[in-house]
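Okay, structure first, notes after.
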Amino acid sequence: MIEIFSNIVSELELFFLAGVSIGSIVLIFTIYYSNKKSATNIIFSLLSIFILFWLWSGYIAGLPEIESLAIFFHRLSIMFAALMSALFLLFAHTIPSHKIMMSQRNFVLILLLTAVMAIINISPYAFTHTTDNSGNPIAGLGIIPFAIISTLFSVLAIYFLFKKTIEYSGVRQYQSILILIGISLMLLLLIGTILLPIIIYGNGIFLPLISIYALIFMGITAYAITKYELFNIKIIVTEAVIIVLWIIIFSQIFRSNTIIERAVDSLIFVSILIFGIYLIRSVRREIKQREHIEKLAGELREVNKALFGANEKLKELDKQKTEFVSIASHQLRAPLTAIKGYSSMILEGSFGKVPKKIKEKVDIVFESSQKLVRVIEDFLNITRIELGKMKYELTEFDLKNLTEQVLKEYEATAKNQKIKLSFTADKGEYLVYGDSGKIGQVISNVIDNAIKYTPAGSVKVAVKSGDGKVRIDVTDTGVGLEAEEIEKLFQKFVRADDEGKINVKGTGLGMFVAKQIIEAHQGQIIANSPGKDQGSTFTLELPDAASANREEIKQAGE
8 MIEIFSNIVS ELELFFLAGV SIGSIVLIFT IYYSNKKSAT NIIFSLLSIF ILFWLWSGYI
68 AGLPEIESLA IFFHRLSIMF AALMSALFLL FAHTIPSHKI MMSQRNFVLI LLLTAVMAII
128 NISPYAFTHT TDNSGNPIAG LGIIPFAIIS TLFSVLAIYF LFKKTIEYSG VRQYQSILIL
188 IGISLMLLLL IGTILLPIII YGNGIFLPLI SIYALIFMGI TAYAITKYEL FNIKIIVTEA
248 VIIVLWIIIF SQIFRSNTII ERAVDSLIFV SILIFGIYLI RSVRREIKQR EHIEKLAGEL
308 REVNKALFGA NEKLKELDKQ KTEFVSIASH QLRAPLTAIK GYSSMILEGS FGKVPKKIKE
368 KVDIVFESSQ KLVRVIEDFL NITRIELGKM KYELTEFDLK NLTEQVLKEY EATAKNQKIK
428 LSFTADKGEY LVYGDSGKIG QVISNVIDNA IKYTPAGSVK VAVKSGDGKV RIDVTDTGVG
488 LEAEEIEKLF QKFVRADDEG KINVKGTGLG MFVAKQIIEA HQGQIIANSP GKDQGSTFTL
548 ELPDAASANR EEIKQAGE
């Protein structure tokens, strides 16, 4: 049975060897000439050459006609195998780079080990002699270092390819996977069916199958090249096909029997010549465009990585800034509360009668501390919103009563600025569902802005209801707003352009905070103005208590 198998394999050996040789020559030509300076191309071309030498040495060693030289060709074959194992390692480490990225020390070490293997393998220490009956080589002690070193190189080659399949993505990853499969299959078959049987049993019955193993590697690698355009082979193949076509058609001209046939063949040749030149130029242009796109894509990936890293740093810095503002605001709040409280008690006469001159100064302290409290509250609200820690104490309350309470706080300020402050609302309840404290801050902010930006005139506050909504309109006769200002008014740190004209100072946070709070209550805040110096109207709109989606409002405050 073994003899029959051996005969069948021997008969097919030359057929497979010829096929592998033709494929290798084509690959060597196309790959090397596609980029002569690429280390990957050069190493692969050398590997293909040594595979051919290795295969033919093994085949010649088995021919009965050269029985006396069989041992020499066996040794020559295993010497080429030593060179191949080193090239496998270099190829796996280098692909797809144009340069050998290995350190000089490791590169020299591989060369030295390979040289030692090659010298031992060509000597009588690797294969001592051949058997008399079959001509198979008998291994000596010299085969052991070759087995160890070549196995080590093979394992490292597979490791590097496996590592690249993990690190790369897209086309490069597919290339690495295919080549890894090809090399792994070839090496496993070589070690399992050739190397180990020779070492353990001294039997090389499977040696004729070497060309089949090489064909597996070459076929899979060729598929990776043509399928995923490794080494940019497309242009080379196109040129080769076109040139062969030109030669065939041109030779047909001289084989024609009549002048008419020659004229027709010449016309066909000229047409194919022009078409071929156009096709080659088109393919070249396509290759250049693809290379340019791949280069841009690579640069874009690097830029995206850099931007992602910078964005993460910015997020962290923004978070730290927000936390710092929150801590600072909390620390300022305590002393300000004391200043505001004691100044209020002094003004009310809690510590006895205060002279008018001192009372005026204490009144300034009280007003300033009250403004600073509102500024700090805005900063605290900003930090809560950005950190997602804004909490709402939700209840059902009357928006009309809340608006009247807030309005009373500004009666003295409006009177001092000679601004007419008015309030209108129909009788009845104006119930809404939400945080009365936060809504009160929003109303206070809007009324405060209306008074600030109205040098003289009036501020009218009206509460209305209808269609399941409750509205507060705050209309002033102040500086007004342009359309461009209205668009950006509810952003952070944005203030009216004319604030310097009327000596108004603020943070530009009030409207941003107001918008966030109102929208969390499923409402909206709208600004309208006819234009500069024509006043403005701010509208706060909330769903009434019966129409509000309480579950969504609760979720916003969790």
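Residue numbers (the numbering used here): 8 to 565. All C-beta atoms in this analysis are idealised placements derived from N, C-alpha and C, irrespective of residue type, glycine included.
(Q) At the level of alpha carbons, what is the spacing between Phe-114 and Ser-52? (A) 19 angstroms
Q: Using the Cα positions of Ile-188 and Tyr-132, report the straight-line distance between them to the nearest angstrom.
A: 33 angstroms
(Q) Using beta carbons (cut-off 8 angstroms, strictly below), is Gln-412 in contact with chain C? (A) Included in the structure is just one protein chain, with no chain C present.
Q.
Only counting the same chain, and skipping five residues up and downstream in sequence, which positions put a Cβ closer than 7 angstroms to that of Ile-67?
A. Ile-73 and Phe-80
Q. Name the DSSP beta bridge partners of Asn-535, please?
A. Thr-544
Q) Mapping DSSP to helix, strand and coil, what is Leu-428? A) strand
**Q.** Residue range of the beta strand (DSSP E) that includes Ala-469
**A.** 464-473
Q: Use the C-beta contact count for Gly-348: other C-beta atoms within 10 angstroms, 16 or more gives buried, fewer gives exposed.
A: exposed
Q. Any idea which residues DSSP pairs Gly-305 with across the strands?
A. DSSP lists no partner for Gly-305.
Q. Between which two residues does the alpha helix (DSSP H) harbouring Glu-526 extend?
A. 517-527
(Q) Quick check on Tyr-460: does DSSP put it in helix, strand or coil? (A) coil
Q) With respect to the alpha helix (DSSP H) encompassing His-81, which residues constitute its N-terminal and C-terminal limits? A) 77-101
Q. For Thr-137, is the beta carbon positioned less than 7 angstroms from some heavy atom of the ligand HEM?
A. Ligands in the displayed structure: none, and consequently the ligand HEM is not present.
Q | Distance, Ile-458 Cα to Leu-428 Cα | A | 9 angstroms
Q.
Starting from Ala-553, trace the beta strand (DSSP E) in both directions and tell me its first and last residue.
A. No beta strand (DSSP E) holds Ala-553; DSSP gives it neither H nor E.
Q. In terms of residue numbering, what span does the beta strand (DSSP E) encompassing Leu-496 cover?
A. No beta strand (DSSP E) contains Leu-496, which DSSP labels as neither H nor E.
Q | Residues of its chain near Leu-34, where Cβ-Cβ distance is below 6 angstroms and the 5 sequence neighbours each way are ignored | A | Ser-55
**Q.** Distance CB(Lys-476)-CB(Glu-548) smaller than 8 angstroms
**A.** yes
Q: Quick one: grab the DSSP three-state call for His-299.
A: helix
Q. If you scan the stretch 116-176 from start to end, which runs of the alpha helix (DSSP H) of 4 or more residues do you find wholly inside it?
A. 150-174
Q | Three-state class that DSSP yields for Thr-410 in the structure shown | A | helix
Q. According to the neighbour-count rule (16 or more other Cβ atoms, all chains shown, within 10 Å of its Cβ), is Gly-517 buried or exposed?
A. buried
Q.
In the DSSP output, which residue or residues are listed as bridge partners for Phe-51?
A. According to DSSP, which records beta bridges pairwise, Phe-51 is partnered with nothing at all.
Q: Could you pull out every residue in the same chain whose Cβ sits closer than 7 angstroms to the Cβ of Leu-197, ignoring the five residues on either side in sequence?
A: Tyr-220
Q) Would Ile-89 pass as a contact of Thr-121 if the rule is Cβ separation under 8 angstroms? A) Rather than Ile, the amino acid found at residue 89 in this sequence is Ala. Taking 8 angstroms as the Cβ cut-off, Ala-89 and Thr-121 qualify as a contacting pair.
Q) Name the DSSP beta bridge partners of Phe-315, please? A) Note: Phe-315 sits in no beta bridge, so no partner.
Q: Determine which residues share a DSSP beta bridge with Leu-438 and list them.
A: Asp-405
Q.
For a test of the three-state rule: what should DSSP assign to Ile-107, helix, strand or coil?
A. coil
Q | Segment contact, 8 angstroms Cβ cut-off, at least three pairs: the stretch 409-427 with the stretch 527-535 | A | no
Q.
Do Asp-483 and Gly-447 have their beta-carbon atoms positioned less than 8 angstroms apart in this structure?
A. no
(Q) My assumption, with CB atoms under 8 angstroms, is that Phe-373 sits in contact with Ser-357. Please give the rounded CB distance. (A) In fact, because the Cβ distance is near 13 angstroms, the residues do not count as touching under 8 angstroms.
Q) Can you give the Cα-Cα distance for Ser-45 and Met-108, rounded to whole angstroms? A) 12 angstroms
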